[in-house]
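Here is the structure we will look at, set down as structure tokens.
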């Protein structure tokens, strides 16, 4: 039985001697070569927050000997165990999970990280072991399927970017060198502006010129995509129950410990769950009941966005209720 949740190849990015871009380029190329010889069964199970997709995937993995890749923008962080509803210690001994507890709370998550982790995960699968990709961060899966461009190492340009001045001045500089590309980025999008400037400095090419000659490389293996379809009233009831359960499990205390260690400006505190708990700790929410209602309301909003995204953004996706979805996946795994 699995005794840990992370292969030894999954290094904390803060400790890795390779940059993320180097790991991405290496893992994708290696997997593309391997794809000629071996094609493991890869099945994505998407669904709204609180829909029960993780429990369903665990049951399938337990019965059919699958491993699970967590497609969760919060679960990838260390410390957010309750907030991201990570598998329990017992569940981790039953099924091997990947892409959990990879980043420190102060680090940034992005599509390239998940693409890299997925490639590395598949490369370390045992022969004939199916992989279930499970989570609510469907936009990462869309990026993985459509592909990302190979990138040079973008580290080491922070001081140069800082010398350009404020974010507004950085954006103005980007407009001056590549107006076409800059128009695709919101003036408030710090991450993408800084990334574009780093790319310009690293390559001495306009970002639009670079991407014109470095086309996106899609995930090189086939995968089937399913989404868990649940009646709206049932989903809302489950979300309310989940919100209450998180409070009872100690989500407020969990977020308090993280804030005390890392401060209030870290990326994962913008996620639903941590964001409301931070508001409670700041005194903006005055009772646990008001916290529960905020968690419930915002999670319902997120669930609606997730359902719309899953339904409209994938070329081929099968939406089914739980029992039918489980049967279809069992059929796929049997072939």
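Residue numbers (my numbering): 3 to 337.
Backbone N, C-alpha and C define an ideal beta-carbon position, used for all residues, glycine too.
The alpha helix (DSSP H) enclosing residue i, as first and last residue numbers
i: residue 198; result: 192-205
i: residue 40; result: First-last for residue 40: undefined, no H or E at that position.
i: residue 257; result: 253-264
i: residue 296; result: 290-314
i: residue 59; result: 55-66
i: residue 118; result: 113-125
i: residue 148; result: 140-148
i: residue 184; result: 181-184
Simplified DSSP state of residue i, which is helix, strand or coil
i: residue 173; result: helix
i: residue 11; result: Confidence at residue 11 is low in this model, with a pLDDT of 38, below 50, so its placement is unreliable and the value that follows should be read with caution. Residue state, collapsed to three classes: coil.
i: residue 159; result: coil
i: residue 320; result: strand
i: residue 20; result: coil
i: residue 228; result: strand
i: residue 46; result: strand
i: residue 31; result: helix
i: residue 100; result: strand
i: residue 327; result: helix
i: residue 166; result: coil
i: residue 219; result: strand
i: residue 287; result: coil
Chain-order list of residues whose beta-carbon lies under 6 Å from that of residue i (same chain, five-residue window excluded)
i: residue 281; result: 287
i: residue 184; result: 176 and 177
i: residue 51; result: 138, 301, 304 and 305
i: residue 68; result: 132 and 134
i: residue 315; result: 144
i: residue 242; result: 298
Residue range of the unbroken beta strand (DSSP E) whose run includes residue i
i: residue 72; result: 69-72
i: residue 78; result: Where residue 78 is concerned, there is no enclosing beta strand (DSSP E), given that its DSSP letter is neither H nor E.
i: residue 274; result: First-last for residue 274: undefined, no H or E at that position.
i: residue 133; result: 133-137
Beta carbon of residue i nearer than 9 Å to that of residue j
i: residue 115; j: residue 104; result: yes
i: residue 85; j: residue 302; result: no
i: residue 249; j: residue 201; result: no
i: residue 143; j: residue 237; result: no
i: residue 127; j: residue 101; result: no
i: residue 223; j: residue 41; result: yes
i: residue 2; j: residue 53; result: Because the chain is modelled from 3 through 337, residue 2 falls outside the range shown and cannot be assessed.
i: residue 117; j: residue 140; result: no
i: residue 269; j: residue 109; result: yes
i: residue 189; j: residue 169; result: yes
i: residue 70; j: residue 225; result: no
i: residue 32; j: residue 125; result: yes
i: residue 66; j: residue 332; result: yes
i: residue 111; j: residue 79; result: yes
i: residue 64; j: residue 96; result: yes
Own chain residues within Cβ distance below 8 Å of residue i, not counting five before or after
i: residue 181; result: none
i: residue 187; result: 173, 176, 194, 195 and 198
i: residue 283; result: 254, 257, 258 and 261
i: residue 324; result: 54, 58, 230 and 232
i: residue 76; result: 82, 85, 86, 270, 273, 275 and 276
Same chain, Cβ closer than 7 Å to residue i, five either side skipped, listed in chain order
i: residue 220; result: 147, 148 and 149
i: residue 357; result: Within the shown structure, residues of the chain are numbered from 3 to 337, placing residue 357 beyond reach of any answer.
i: residue 312; result: 48, 140, 229 and 319
Inter-stretch contact at 8 Å, needing at least 3 Cβ pairs: the stretch 222-230 / the stretch 319-337: Between the stretch 222-230 and the stretch 319-337, the count of C-beta pairs closer than 8 Å reaches three or more; the two stretches touch.
The stretch 188-208 contacting the stretch 17-31, beta-carbon criterion three pairs below 8 Å: no
Inter-stretch contact (C-beta, 8 Å, three-pair minimum) for the stretch 51-70 and the stretch 127-137: yes
Contact between the stretch 205-216 and the stretch 253-260 (3+ Cβ pairs under 8 Å): no
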